[in-house]
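Q:
Numbering (mature numbering (1 follows the signal peptide of the UniProt record, and there is no 0)), first residue to last: -22 to -1, 1 to 616.
(1) State the start and end residues of the unbroken alpha helix (DSSP H) segment that holds residue 424.
(2) Between the C-alpha atoms of residue 150 and residue 485, what's the straight-line distance to the nearest angstrom?
(3) Tell whether a beta-carbon distance below 8 Å holds between residue 131 and residue 48.
(4) Near residue 514, which residues of its chain fall below 8 Å by C-beta distance, leaving aside the five closest residues on each side in sequence?
(5) To which residues of the same chain is residue 314 closer than 7 Å at the C-beta, ignoring the five residues directly before and after it?
(6) Over the uninterrupted alpha helix (DSSP H) stretch that includes residue 35, give me the two end residues.
(7) Just how far apart, CA to CA, sit residue 546 and residue 568?
(8) I need the boundaries of the alpha helix (DSSP H) containing residue 165, first residue and last residue.
(9) Hey, could you find the ends of the beta strand (DSSP E) residue 441 is sitting in?
(10) Give the DSSP-derived three-state secondary structure of residue 22 in the structure shown.
(11) Using 8 Å for Cβ pairs, my map puts residue 34 next to residue 197. What's the rounded Cβ distance?
(12) Any idea what DSSP makes of residue 250, helix, strand or coil?
(13) For residue 466, report the span of its alpha helix (DSSP H) as first-last.
(14) Let me know the beta strand (DSSP E) ranges lying completely inside the segment 303 to 350, each 3 residues or longer, listed in chain order.
(15) Does the segment 327 to 346 touch the segment 407 to 420, meaning 3 or more C-beta pairs lie closer than 8 Å?
(16) With distance defined between alpha-carbon atoms, name the residue in 383, 416 and 380 nearest to residue 397.
(17) Can you tell me the Cα-Cα spacing of residue 584 and residue 564, whole angstroms?
(18) How many Å lie between residue 490 and residue 574 at the Cα?
(19) Alpha carbon to alpha carbon, how far is residue 493 from residue 480?
(20) For the candidate residues 603, 595 and 576, whose alpha-carbon lies nearest to that of residue 621?
(21) Among all the DSSP beta bridges, which residues are the ones paired with residue 527?
(22) Between 516, 523, 517 and 207, which lies nearest to residue 509 when the distance is taken from Cα to Cα?
(23) Alpha carbons only, please: which of 368, 387 and 238 is nearest the one belonging to residue 536?
(24) Run through the DSSP bridge pairs and tell me what residue 43 is partnered with.
(25) May I have the straight-line CA-CA distance separating residue 561 from residue 254, to the nearest angstrom?
(26) For residue 104, I'd like the list of residues in its chain whose CB is within less than 7 Å of its CB, leaving aside the five on either flank, ordered along the chain.
(27) How long is the line joining the alpha carbons of residue 38 and residue 96, rounded to whole angstroms?
(28) At what residue ranges does the segment 493 to 562 contain a whole run of the beta strand (DSSP E), taking only runs of 3 or more?
(29) According to DSSP, is residue 124 part of a helix, a strand, or is it coil?
(30) Give the straight-line distance between the Cα atoms of residue -1 and residue 173, rounded to the nearest whole angstrom.
(31) Leaving out five residues before and five after residue 438 in sequence, what residues of the same chain have Cβ atoms less than 7 Å from its Cβ?
(32) Does DSSP classify residue 604 as helix, strand or coil?
(33) Quick check: the segment 123 to 141 against the segment 49 to 66, are there 3 or more CB pairs under 8 Å?
(34) Only counting the same chain, and skipping five residues up and downstream in sequence, which positions put a Cβ closer than 8 Å to that of residue 275?
(35) Would you report the Cα separation of residue 310 and residue 162, rounded to the nearest angstrom?
(36) In three-state terms, what does DSSP make of residue 242?
See below:
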C-alpha cells in the first residue's frame, strides 16, 4: 500500500512506491577474489562521501568481509564485517579514526536481506550506522578524525572487496541497490527510501540498481559520467526481491506467522488496533483462529480472533460478537479499547459491530504475533491475508477509522505506535530472505517473518487490496508571498497522471477548485510544480491538491494552511538572481538554509536582521532562524 511521510519543516512526503519490475536483479559474490570496480573517479573519493547504503544478503557472516569500500589501511571509508561486528570505519591517514560497530551475534544472520547504511557530516560524534532503517551500534574514536576529515584512499571504489590490494576481505553474499551520496542523509530519509530513490535526488552521486541481470557492467543510474562499475573475476547475477511493493502478507494457517518484539509502547490501557484481513478458509480443527494478539505464556493484554460467524476478543476472558465473514472477502477491522470503562468497541469496514464488555488485560512485556497465538499447548493459526496493521495509544473515533480505513498512513500520525504494511518484495514471487517485517511508526520496532515459504502465492507477499494511485508525492508546501499564497509540490514518479486541481477552503471542510496544473503523464524523475493563489481570503486558508489520472481516479494530498491574519515576522523576496530574507527587528540571529531533503546548504548569522543568498539553483529551500527562544521557519522558492 501507499505510504506517506513527514520530513523537516513539515514537508509532506509520500513514501516511494515503485511499480513492481518484471525482473529485479542483484550481484552475487562467492568470495574468491570477485568484486565490482567502480573506478577511482573523484566523485567517489572518500573525503567527499557523506552517506553509503545498500541491500545485502550474506551467505556467511564469519571473517572479514568488505561490502562497500574506498579504503586502504588507515585511509578512507568502508562498510564491512570485521571482528565479529558489522562496522563502518572513517580514517584520516594520520592515525586518527572513528568507527561504529554492531555485533553480528543475535543481530545479523546468513540468508536474510538487510538494508545497511552509514553516514557522517565531518563531525566524528555524528557518525551513524543503520540496519533496516534503525540507528544501531557503538561509536569509538582513535584521535580526532574531525580535525582533518577523512583522507581519500588510493585505488578504486569497490563493492565486495577492500580497496587495499594487500588484503582482499572478499564478500560472501548478494548486493543490491548501492547508493553513494555527497550529502548526509537523515534517519528519516534513510528509513523512508530504503528500497529506491529517484536517480536525480539531491546529493546522489552514484546509484547502482543492479537491474541489468547479465554482462560485466554495473550501470550507474545518475547523470554523473564515468561511474559505471566493472564486474571483475566473474561475480554472478541473480534475481532480487528488493523493491517496494504494494503488498500484504498471506499466512497459510499451518506454521507461518509474524512476530513483533515486546515494547512498552504497546502496554497502553486505552488505544486502538486495526488492520485489513481476508480469510482464505476456516479450519474446523482450529476453533478460534487468531489474527493478531499481544499475549505471553502467562499473561494477555488482548488478542482478536475470527470465525465464520463471530469476532472474538480475549484478555484472559473470552467474549464474542456475532458477525458473518466470508472466505475470499477483504474486511477492515478496528478495535477501540477504552481503559476508563473496561470495554472494547469493534468496527467492521468503518461501521460499529458492537462492544465487548472487556478491555485490555494487565500483562506487560508481551510480544505481538500476527497469524497465530498460543493457547496452552495449542496454536490458533489463522489462514488468510493481513495488511496495514496499525496500533495506536489513543482511542480512534469512528470518523477517523472510517476515513482512513482504505488510506495508507504516513507513519508519523499522533498516537501511532506500530505500522506494519508488508510493502516489500514481489507479489507471489521468490522473496527468499526478505523476512524483516518493517515498522514504519516512530517506535521502529521491526518484526520477523517465521516459517514462511516466500516462493509462491501461499505463505508469501501478495498483492494488497489497496490500489496504488499513479502519483507519488515527495513534497507539498504552502507559503505566503506578500499578499499571495504560493503552493509548490514535487512528485517522485507519475503514471498516467492528467492534472492537479488546486482546491481551497476557509473552514477545512468545504473545498472549491481554484485552479488546474497539467501533470507529466508518465515520469520516473523528480518533477516540480507550483501555483499562485492571488486572492486568498482573510484569516486561515486551507489548500489541498486533487490529483486526477487518465482512468478518472483521484487522490487528495495532505491539507496545508496559511493564515493571512497572522503577522509575518520572517519574510523573503527575490531581486534579480538573489533571494533576500528579512527578520523583523532582527539583529545577528543564527540561520540555516536547507534543501527540500533537509540537507544543510549554508548556515551563519544574519546581519542587521537580513541575509542575501546568491547563486542558488532553481528550487525550493527552507530557511530557519533562531530568534530568542523561538525558531522561525519559512520556505523560499527560486
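Positions of the beta carbon are idealized from the N, C-alpha and C atoms, including for glycine.
A: The structure says:
(1) The residue given as residue 424 occupies position 446 in the chain shown. First-last for residue 424: undefined, no H or E at that position.
(2) The count along the chain shown starts at 1 and reaches residue 150 at position 172. The count along the chain shown starts at 1 and reaches residue 485 at position 507. About 59 Å.
(3) Position 153 of the chain shown, counted from the start, is the residue given in the question as residue 131. Position 70 of the chain shown, counted from the start, is the residue given in the question as residue 48. Yes, Cβ-Cβ distance for residue 131 and residue 48 is below 8 Å.
(4) Taking the first residue of the chain shown as 1, we reach residue 514 at position 536. So the list reads 461, 462, 463, 482, 540 and 542, once near-sequence residues are dropped.
(5) Taking the chain shown and counting its residues from 1, one reaches residue 314 at position 336. For residue 314, where only same-chain residues beyond five positions count, the Cβ hits under 7 Å are 250, 322, 323, 373 and 374.
(6) Translated into positions along the chain shown, residue 35 becomes position 57. Not the alpha helix (DSSP H): residue 35 falls in the beta strand (DSSP E), residues 29 to 36.
(7) Sequence index remark: in the chain shown, residue 546 carries index 568 (1-based). Sequence index remark: in the chain shown, residue 568 carries index 590 (1-based). Only weak support is given to the placement of residue 546: the predicted model assigns it a pLDDT of 48, under 50, and the value that follows is read from those uncertain coordinates. So the two alpha carbons sit approximately 18 Å from each other.
(8) For this step, residue 165 is matched to residue 187 along the chain shown. Per DSSP, residue 165 belongs to the alpha helix (DSSP H) from 165 to 170.
(9) Indexing the chain shown from 1 puts residue 441 at position 463. That run of the beta strand (DSSP E) goes 439 to 441.
(10) For this step, residue 22 is matched to residue 44 along the chain shown. Of the three classes helix, strand and coil, the one that applies to residue 22 here is helix, per DSSP.
(11) By 1-based counting over the chain shown, the position of residue 34 is 56. By 1-based counting over the chain shown, the position of residue 197 is 219. Rounded, the Cβ-Cβ distance is 19 Å, inconsistent with contact.
(12) Counting from 1 along the chain shown, the entry for residue 250 is found at position 272. Strand, per DSSP.
(13) Numbered from its first residue, the chain shown carries residue 466 at position 488. No alpha helix (DSSP H) contains residue 466, which is instead part of the beta strand (DSSP E) from 462 to 472.
(14) 309 to 316, 321 to 326, 329 to 334 and 346 to 348
(15) no
(16) As a first step, residue 397 is located in the chain shown; it is residue number 419 there, counting from the start. Considering only alpha carbons, the answer is 416.
(17) For the purposes of this step, residue 584 is identified with residue 606 of the chain shown, where counting begins at 1. For the purposes of this step, residue 564 is identified with residue 586 of the chain shown, where counting begins at 1. Straight-line Cα distance between these residues: approximately 8 Å.
(18) Taking the chain shown and counting its residues from 1, the one referred to as residue 490 is at position 512. Taking the chain shown and counting its residues from 1, the one referred to as residue 574 is at position 596. Between residue 490 and residue 574, the C-alpha separation is close to 28 Å.
(19) To locate residue 493, count along the chain shown from 1; it is residue 515. To locate residue 480, count along the chain shown from 1; it is residue 502. About 5 Å.
(20) Nothing about residue 621 can be read from this structure; the chain reaches only from -22 to 616.
(21) By 1-based counting over the chain shown, the position of residue 527 is 549. BP columns for residue 527 point to 475.
(22) As a first step, residue 509 is located in the chain shown; it is residue number 531 there, counting from the start. The shortest Cα separation from residue 509 among 516, 523, 517 and 207 belongs to 523.
(23) Walking along the chain shown from the start, residue 536 turns up at place 558. It is 387.
(24) Sequence index remark: in the chain shown, residue 43 carries index 65 (1-based). DSSP lists 59 as partners of residue 43.
(25) Sequence index remark: in the chain shown, residue 561 carries index 583 (1-based). Sequence index remark: in the chain shown, residue 254 carries index 276 (1-based). Rounded to the nearest angstrom, the two C-alpha atoms are 49 Å apart.
(26) Locating residue 104 in the chain shown gives position 126, where the first residue counts as 1. For residue 104, where only same-chain residues beyond five positions count, the Cβ hits under 7 Å are 98.
(27) As a position in the chain shown, residue 38 is number 60, starting the count at 1. As a position in the chain shown, residue 96 is number 118, starting the count at 1. So the alpha carbons of these two residues sit roughly 21 Å apart.
(28) 505 to 511, 518 to 527, 532 to 534, 538 to 541, 548 to 553 and 556 to 561
(29) In the chain shown, the residue the question calls residue 124 occupies position 146. DSSP places residue 124 in helix when its eight states are reduced to three.
(30) If you number the chain shown from 1, residue -1 lands on position 22. If you number the chain shown from 1, residue 173 lands on position 195. Note on residue -1: pLDDT 38, under 50, position unreliable in the model; no value is reported.
(31) Looking up residue 438 in the chain shown gives position 460. Excluding positions up to five away in sequence, the list reads 228, 406, 409, 430, 431 and 432.
(32) Reading the chain shown from its first residue, position 626 is the one you call residue 604. Three-state DSSP puts residue 604 in a strand.
(33) yes
(34) Against the chain shown, residue 275 aligns to sequence position 297. Taken in chain order, the residues that qualify are 352.
(35) Locating residue 310 in the chain shown gives position 332, counting from the first residue. Locating residue 162 in the chain shown gives position 184, counting from the first residue. Roughly 40 Å separates the two Cα atoms.
(36) Indexing the chain shown from 1 puts residue 242 at position 264. Of the three classes helix, strand and coil, the one that applies to residue 242 here is helix, per DSSP.
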